[in-house]
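A.B. asks: I am attaching a structure below and will ask some questions about it afterwards.
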Amino acid sequence: MYSDRSATMSEAERSGSAGMHRQPNAAPLRLQAAGRGAAGLLVWPLLLVLAACGDSQGSPASAASPADPAPAPAPPPEPPPPPGSDPPEVFGYRVVREFPHDPAAFTQGLFFHDGFLYESTGLRGESTLRRVELETGEVLEQRALLPQFFGEGAALAGDYIFQLTWEAEIGFVYTRQPFRLVREFRYSGEGWGLTFDGEHLVMSDGTDELRFLDPNTLRQVRTLRVTADGEALPQLNELEWIEGEIWANIWTQDRIARIRPDTGEVTAFVDLTGILPRTLALQYPEMDVLNGIAWDPENGRIFVTGKKWPKLFEIELVEP
Ligand SMILES: [Ca+2]
3 MYSDRSATMS EAERSGSAGM HRQPNAAPLR LQAAGRGAAG LLVWPLLLVL
53 AACGDSQGSP ASAASPADPA PAPAPPPEPP PPPGSDPPEV FGYRVVREFP
103 HDPAAFTQGL FFHDGFLYES TGLRGESTLR RVELETGEVL EQRALLPQFF
153 GEGAALAGDY IFQLTWEAEI GFVYTRQPFR LVREFRYSGE GWGLTFDGEH
203 LVMSDGTDEL RFLDPNTLRQ VRTLRVTADG EALPQLNELE WIEGEIWANI
253 WTQDRIARIR PDTGEVTAFV DLTGILPRTL ALQYPEMDVL NGIAWDPENG
303 RIFVTGKKWP KLFEIELVEP
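Take the sequence shown: its position 36, counting from 1, is numbered 38 in this note's numbering, and each next residue is one higher.
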């Protein structure tokens, strides 16, 4: 239903500010030293190496005297499970605090930086990039996309905000504050979610594959197939890098997948069923699916919201 793929003229071209970044051989942006979440702070998941059981050396059986009846042979040790074969754990949640959220914001990208939320909203004619005050939901700065663009994922890398569009195969790069468009980039296929792992932009496109892009060249450096319990997990949507994991909304589901960035294995789900009170659905009939994860690394806060949801929630996980 959103089949307008003819929108090839960029926002910058139309706004007349394209000259500075339309040169085909323009040098790539050099990002300043990455802030929080930089590679030096990367916390890769620990691999737990389980000591093998059933080693008979030194066991009490070997100390038996020759007069004792021969001990029954020890059963062979269980072979270790192959990597990725464990079913993902399912975490619950607890709402720590609720914040107001613009019920007109069709949330497609969400991150938290230095005390403020940053949000990319979708729908043609309604798409924006905005800086939002957490406590009040007030929009402090907003930049509208041209009506042919459907805003999607957004992420901060260094001092630049990267924003995807759904089908136009164009991404935008802005200075963080104020929002000044400094560059465009192209990619093939659809743009859905975006986050930054401290080294690369991580992008989803609606499939089970994540793409890793160099934030300086915007070139793809690798891809990652995401699986849950050995099965491909498609419809990966809004993303967030949280302490060495990629968290992903699953489109149309109230679940977030927690993904190992090295193997693509989903180690756990967060089940957010019921987080939005049903009574609000009557009051806000345009509410759409859960979409939007933001992480405040300084205070260890997780925020979630959805498309045209009137609320944004700070949550804590509840152990399975
Ligand atoms: Ca996010």
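Backbone N, C-alpha and C fix where the C-beta goes; we use that ideal spot for every residue, glycine too.
Nothing here was measured: the structure is a model prediction, and the numbers come from that model.
#1: Is glycine 111 near ligand 1, in the sense that its beta carbon is under 7 Å from a heavy atom of that ligand?
#2: Just to confirm, are valine 272 and phenylalanine 93 a CB contact at a threshold of 8 Å?
#3: Taking the straight line between their C-alpha atoms, what separation do you get for glutamate 242 and valine 306?
#4: Report yes if the CB atom of aspartate 161 is closer than 8 Å to the CB atom of arginine 178, and no otherwise.
#5: I need the straight-line Cα distance from phenylalanine 151 to glutamate 233, nearest angstrom please.
#6: What are the boundary residues of the beta strand (DSSP E) that glutamine 222 is part of?
#7: CA-CA distance, threonine 197 and leucine 278?
#8: Mapping the DSSP letters down to three states, classify alanine 159 as helix, strand or coil.
#9: Does the stretch 152-159 come close enough to the stretch 122-138 to have 3 or more Cβ pairs within less than 8 Å?
#10: With DSSP run on the structure shown, which of helix, strand or coil describes alanine 107?
#11: Could you tell me the distance, in whole angstroms, from the CA atom of glutamate 186 to the CA atom of glutamine 222?
#12: Would you mind reading off the limits of the alpha helix (DSSP H) that contains arginine 280?
#13: Compare the Cα-Cα distances from glycine 294 to each of Glu91, Phe214, Phe108 and report the closest residue.
#14: Ignore the nearest five residues each way along the sequence and tell me which others in glycine 195's own chain have a CB closer than 6 Å to its CB.
#15: Could you give the uninterrupted runs of the alpha helix (DSSP H) lying entirely in the stretch 236-319, keeping only those of 4 residues or more?
#16: Between glycine 304 and leucine 314, what straight-line distance do the alpha-carbon atoms span, to the nearest angstrom?
C.D. replies: On the basis of the data shown:
#1: yes
#2: yes
#3: If I take the Cα positions, the gap works out to 10 Å.
#4: yes
#5: Cα-Cα distance, rounded: 33 Å.
#6: 222-227
#7: Using only the alpha carbons, I get a separation of about 24 Å.
#8: DSSP, read as helix, strand or coil, puts alanine 159 in strand.
#9: Yes, they touch.
#10: Looking at alanine 107 - three-state DSSP - the assignment turns out to be coil, as it is neither helix nor strand.
#11: 15 Å
#12: 280-285
#13: Phe108
#14: Only Gly155, Ser206, Asn239, Glu240, Leu241 meet the Cβ criterion.
#15: You should have 280-285.
#16: The question names glycine, yet the displayed sequence has isoleucine at residue 304. Their Cα atoms are separated by approximately 10 Å.
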